[in-house]
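S.K.: Can you read through this structure? Questions will come right after.
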Amino acid sequence: MPIGSRSHFPSHFAAVLVTPRVAPPANRVTYLAMYKRGDFVVLMLAVSIFGAAACDPDANPGATGAAVVYGTDDRLEVYEHPSAVLRAVAESAVAINVNAGALDESNPSRVVFTYSQTLGEAKDLCAGQAFADQIEPGICSGTLIDDRHLLTAAHCVDTARDCDGSRPWVFGFRYTSAGVLASLTADDVYRCVSVRASLNDGVADFAVIELDRPVVGHTPPMLRPLPGGLPLGTPLTLIGHPNGIPMKMASGGEVTVNNGEGIWLKATLDAFHGNSGSGVFDDTGALVALLDGGETDFVASGPCNIVNVISPAPTDDGESLTYLAPAIDAFCATPGVVSSACTCDGPCVPIPPADSCDTARMLPGRSQTITGSLLGFSDASRGSCGGGGGPDRVWVFDLTERSVVSAESSGFDTVLYLHADCGGAELACNDDITDTNRGSLFEVTVPAGRYALTLDSYNRDVGGFSVDLRISPAVTPPADAGTSTDAGVDSGSAPPDGAVVDAGSDASAPPPPDGGGCSASALSPRDATAPALAVLFLVGLGLARRRS
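Position 354 of the sequence shown, counting from 1, maps to 360 under the working numbering, and the rest follow consecutively.
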């Protein structure tokens with residue numbers, strides 16, 4: 007008999023999104039009822055026929071068994087995945103809901119799993135099945151959408167026990183190299199305190215839960231709610247915990263069915279029981295959907311079980327997903343919700359700190375990496391080279407000596423610029439790193455003083471970011487090298503707005519032309535020799551032709 011399970015209807019709703027009723031996806035399997043019989047749970051299943059299966063009543067209550075491999079098994083350990091952008095999302099934003107008693111949290115600096123049953127033992131797997139030797143303490147998966155709320159499937163949190171704090175949510179349960187699990191601390195472990203939005207009507211299946219405290223050390227991904235859905239054939243990546251084992255990433259799937267209303271879709275993603283609630287991402291690392299149901303996990307092969315493989319992959323079927331848009335709409339419509347996930351494209355929220363230079367966060371004047379999200383921030387400024395099309399964020403730092411300052415940003419289509427304090431001259435600006443249309447990078451030499459660093463965006467398609475700020479002492483030029491022109495100018499006179507200055511260039515050189523963009527330095531006298539050489543070349547060419 008095939009081993010697997012599917013979602014069931016929730017017993018409560020914190021907020022319900024009212025949407026036009028459409029026919030549920032074909033072959034969608036749903037738990038209708040549970041009846042305890044001795045040590046087993048009889049599961050009444052409905053597709054178009056009824057069947058029965060038995061399972062441990064405490065092992066994975068309420069979890070969907072979205073499960074199958076389409077063609078080849080695309081599941082990879084996080085450290086094996088080729089996309090740095092998607093790996094960063096996995097490491098920062100993805101959590102697993104684990105069974106009560108699976109963790110030892112007695113030492114906040116070193117949280118460890120005490121659960122010992124392996125996937126192979128739990129599912130009676132045949133020899134050679136993938137990940138059979140890994141422990142499987144998990145129930146469902148989820149994705150962080152702001153600093154205190156997590157998106158998962160509604161059937162994962164449909165009983166009081168699911169949100170009474172007994173089953174923690176753990177970030178970062180993954181391998182960092184072969185056989186080595188990531189170290190965990192108390193900052194990786196949280197508990198559900200309330201369900202803020204939930205819907206499971208046989209079409210959509212989502213829930214947004216509130217965690218017991220703001221999340222530390224983890225940031226949400228870019229959110230991309232799509233009212234109209236995705237085109238057929240769009241490649242997708244599933245990040246979560248198949249069968250409750252350490253995190254896996256499965257790319258290679260694509261959209262095969264789209265209901266056209268931005269509510270549900272199907273895709274050929276390799277998903278398993280425990281992946282319920284897992285985030286589904288596009289190639290930019292943006293969250294676009296979540297997994298809620300699918301095919302059977304394992305099938306019998308003699309006395310043991312093997313992964314259910316469907317080959318070739320279908321072009322008109324797949325795992326059942328719910329789009330992000332209805333979940334975000336329902337969450338943001340919930341009374342009392344204030345979240346960076348709710349932008350002014352929908353319900354508005356108070357402007358957060360650091361939205362402008364006047365309220366900027368003060369940074370130490372040293373090298374560091376800054377992470378966070380631009381979700382919820384406003385469009386307050388723009389640079390000479392770009393920006394102004396989406397939200398921005400500002401940091402201020404002081405330098406006590408002449409320094410080389412460089413900054414590189416990633417996460418979405420960013421713009422970076424540096425000013426001499428709030429309202430001062432722009433000293434550097436970069437829209438896109440050469441040969442890309444994404445991150446930004448600049449380097450400039452500046453004197454001691456206060457500086458304002460702004461991370462801006464090309465458009466409103468933003469989310470989590472990383473800014474690598476590097477500060478080092480500048481080499482003092484020789485005394486006979488001429489007067490140097492530093493950003494900010496020691497004499498107290500600032501360069502004109504929009505000027506991009508490189509310390510060491512001749513102060514007598516003309517400034518860059520208006521709207522000079524993001525060049526790294528001003529014109530120096532030696533640059534003026536180029537036109538003269540060009541003229542001499544043309545004259546010589548003319549003489550040569552006359553001689554012939």
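Positions of the beta carbon are idealized from the N, C-alpha and C atoms, including for glycine.
This one's a predicted model, so the numbers in the text were calculated from it and none came from an experiment.
Which residues mark the beginning and the end of the alpha helix (DSSP H) in which arginine 93 is found?
M.R.: In the sequence shown, residue 93 corresponds to position 87, counting from 1. From DSSP, the alpha helix (DSSP H) with arginine 93 extends over 90-99.
S.K.: Determine the contact status of serine 415 and leucine 461, defining contact as a CB-CB distance below 9 Å.
M.R.: For the purposes of this step, residue 415 is taken as the residue at position 409 of the sequence shown. For the purposes of this step, residue 461 is taken as the residue at position 455 of the sequence shown. Cβ atoms of serine 415 and leucine 461: closer than 9 Å.
S.K.: Is there at least one non-hydrogen atom of the ligand ATP closer than 8 Å to the beta-carbon of serine 112?
M.R.: Ligands in the displayed structure: none, and consequently the ligand ATP is not present.
S.K.: So glutamate 414 is in the beta strand (DSSP E); what residue range does that whole segment cover?
M.R.: Mapped onto the sequence shown, residue 414 falls at position 408. First-last of the beta strand (DSSP E) with glutamate 414: 409-416.
S.K.: Check the DSSP bridge columns for alanine 213 and list the partner residues they point to.
M.R.: Mapped onto the sequence shown, residue 213 falls at position 207. Alanine 213 is bridged to Thr158 and Ser204.
S.K.: Check whether the Cβ atoms of alanine 133 and glutamate 142 sit closer than 9 Å, and answer yes or no.
M.R.: In the sequence shown, the residue the question calls residue 133 occupies position 127. In the sequence shown, the residue the question calls residue 142 occupies position 136. Going by C-beta atoms, alanine 133 is not nearer than 9 Å to glutamate 142.
S.K.: With a 10 Å radius around its C-beta and 16 neighbouring C-beta atoms as the bar for buried, classify alanine 331 as buried or exposed.
M.R.: Reading the sequence shown from its first residue, position 325 is the one you call residue 331. Buried, since its Cβ has 16 or more Cβ neighbours within 10 Å.
S.K.: Would you verify that the beta carbon of aspartate 335 is, or is not, closer than 9 Å to some beta carbon of chain C?
M.R.: In the displayed structure, chain C is absent; only one protein chain is listed.
S.K.: By alpha-carbon positions, which one of Asp427, Asp437 and Val473 ends up nearest to valine 452?
M.R.: By one-based count along the sequence shown, residue 452 stands at place 446. Answer by Cα proximity: Asp427.
S.K.: Does the region 80-95 come close enough to the region 246-262 that 3 or more CB-CB pairs lie under 8 Å?
M.R.: At 8 Å Cβ cutoff, the stretches touch.
S.K.: Checking 9 Å against the spacing of the C-beta atoms, do leucine 205 and alanine 347 come in under that value?
M.R.: The residue given as residue 205 occupies position 199 in the sequence shown. The residue given as residue 347 occupies position 341 in the sequence shown. Contact flag unset, no.
S.K.: Return the Cβ separation of leucine 345 and histidine 87 in integer angstroms, given the expectation that the two are a contact with Cβ distance under 8 Å.
M.R.: As a working note, residue 345 is residue 339 in the sequence shown. As a working note, residue 87 is residue 81 in the sequence shown. In the sequence on display, residue 345 carries serine and not leucine. Serine 345 to histidine 87, Cβ: 29 Å. No contact.
S.K.: If you pair each beta-carbon of the region 427-437 with each one of the region 383-390, do three or more pairs fall below 8 Å?
M.R.: Contact holds: three or more Cβ-Cβ distances are below 8 Å.
S.K.: Let me know the beta strand (DSSP E) ranges lying completely inside the region 224-276, each 3 residues or longer, listed in chain order.
M.R.: Entirely contained in the region 224-276, the beta strand (DSSP E) runs reaching 3 residues are, in chain order, 241-246, 254-264 and 270-273.
S.K.: Between which two residues does the beta strand (DSSP E) carrying isoleucine 141 extend?
M.R.: Numbered from 1 along the sequence shown, position 135 holds the residue referred to as residue 141. It is not in any beta strand (DSSP E) - isoleucine 141 carries neither H nor E in the DSSP assignment.
S.K.: Please confirm if the region 235-245 is in contact with the region 180-200, defined as three or more CB-CB distances below 8 Å between the two stretches.
M.R.: Too few Cβ pairs lie closer than 8 Å, so no.
S.K.: Just how far apart, CA to CA, sit glycine 283 and alanine 160?
M.R.: Start at 1 with the first residue of the sequence shown, and residue 283 comes out as number 277. Start at 1 with the first residue of the sequence shown, and residue 160 comes out as number 154. Glycine 283 and alanine 160: Cα-Cα distance of roughly 8 Å.
S.K.: By the three-class DSSP mapping on this structure, what secondary structure does leucine 433 have?
M.R.: As a position in the sequence shown, residue 433 is number 427, starting the count at 1. Three-state DSSP puts leucine 433 in a strand.
S.K.: Taking the alpha helix (DSSP H) that aspartate 462 falls in, what are its first and last residues?
M.R.: If you number the sequence shown from 1, residue 462 lands on position 456. From DSSP, aspartate 462 is part of no alpha helix (DSSP H) but of the beta strand (DSSP E) over 455-463.
S.K.: Using C-beta distances below 6 Å, list every residue in its chain close to valine 410, excluding the 5 sequence neighbours before and after it, in chain order.
M.R.: As a first step, residue 410 is located in the sequence shown; it is residue number 404 there, counting from the start. Excluding positions up to five away in sequence, the list reads Thr451, Ser478 and Ala480.
S.K.: Comparing alpha-carbon positions, which option in His247, Ser472, Asn465 and Val294 lies nearest asparagine 264?
M.R.: Counting from 1 along the sequence shown, the entry for residue 264 is found at position 258. Considering only alpha carbons, the answer is Val294.
S.K.: If you draw a straight line from the alpha carbon of valine 343 to that of glutamate 97, how long is it in whole angstroms?
M.R.: Numbered from 1 along the sequence shown, position 337 holds the residue referred to as residue 343. Numbered from 1 along the sequence shown, position 91 holds the residue referred to as residue 97. Looking at the two C-alpha atoms, the distance is approximately 26 Å.
S.K.: Would you give the residue range spanned by the beta strand (DSSP E) that isoleucine 312 belongs to?
M.R.: Counting from 1 along the sequence shown, the entry for residue 312 is found at position 306. 310-313 is the span of the beta strand (DSSP E), which, as asked, contains isoleucine 312.
S.K.: Curious, which full-length beta strand (DSSP E) runs of at least 3 residues does the region 314-350 contain?
M.R.: Runs found: 325-329.
S.K.: With a threshold of 7 Å on Cβ separation, who are the neighbours of valine 95 within its own chain once the five nearest residues in sequence on each side are excluded?
M.R.: Locating residue 95 in the sequence shown gives position 89, where the first residue counts as 1. Once the five neighbours on either side are set aside, the close Cβ partners of valine 95 are Pro227, Ile245, Phe287 and Gly291.
S.K.: Does the Cβ-Cβ distance between asparagine 103 and arginine 173 come in under 9 Å?
M.R.: Here residue 103 corresponds to residue number 97 of the sequence shown, with the count starting at 1. Here residue 173 corresponds to residue number 167 of the sequence shown, with the count starting at 1. Cβ distance < 9 Å, so asparagine 103 and arginine 173 count as in contact.
S.K.: Could you tell me the alpha carbon to alpha carbon distance between threonine 482 and alanine 413, rounded to whole angstroms?
M.R.: For the purposes of this step, residue 482 is taken as the residue at position 476 of the sequence shown. For the purposes of this step, residue 413 is taken as the residue at position 407 of the sequence shown. If you take the alpha carbons of threonine 482 and alanine 413, they lie about 21 Å apart.
S.K.: As a quick exercise: from Gly185, Phe179 and Val186, pick the residue whose alpha carbon is nearest that of aspartate 193.
M.R.: Here residue 193 is taken as the residue at index 187 of the sequence shown, counted from 1. The candidate whose alpha carbon is nearest that of aspartate 193 is Phe179.
S.K.: So the alpha helix (DSSP H) glutamate 111 belongs to, where does it begin and stop?
M.R.: On the sequence shown, position 105 is the one that residue 111 refers to. Looking at the DSSP string, glutamate 111 is not in any alpha helix (DSSP H), and its letter there is neither H nor E.
S.K.: According to DSSP, is cysteine 363 part of a helix, a strand, or is it coil?
M.R.: On the sequence shown, position 357 is the one that residue 363 refers to. Of the three classes helix, strand and coil, the one that applies to cysteine 363 here is helix, per DSSP.
S.K.: Which residues in the same chain as cysteine 1 place their Cβ atom closer than 7 Å to its Cβ, once the five residues preceding and following it in sequence are excluded?
M.R.: Only positions 7 to 554 of the chain appear in this structure, which leaves residue 1 out of reach.
S.K.: So what does DSSP say about leucine 125, is it helix, strand or coil?
M.R.: Your numbering for residue 125 matches position 119 in the sequence shown. Of the three classes helix, strand and coil, the one that applies to leucine 125 here is helix, per DSSP.
S.K.: Determine which residues share a DSSP beta bridge with aspartate 288 and list them.
M.R.: On the sequence shown, residue 288 is found 282 positions in, with the first residue counted as 1. Beta-bridge pairing links aspartate 288 to no other residue.
S.K.: Rounding to the nearest angstrom, what Cα-Cα distance links histidine 247 and arginine 399 in this structure?
M.R.: Here residue 247 corresponds to residue number 241 of the sequence shown, with the count starting at 1. Here residue 399 corresponds to residue number 393 of the sequence shown, with the count starting at 1. Computed Cα separation, rounded: 33 Å.
S.K.: What is the rounded straight-line gap between the Cα of phenylalanine 418 and the Cα of valine 261?
M.R.: The residue given as residue 418 occupies position 412 in the sequence shown. The residue given as residue 261 occupies position 255 in the sequence shown. Computed Cα separation, rounded: 23 Å.
S.K.: Sort Gln123, Asp335, Thr149 and Ala336 by Cα distance to glycine 470 and report the nearest one.
M.R.: The residue given as residue 470 occupies position 464 in the sequence shown. Among Gln123, Asp335, Thr149 and Ala336, the Cα nearest to that of glycine 470 is on Thr149.
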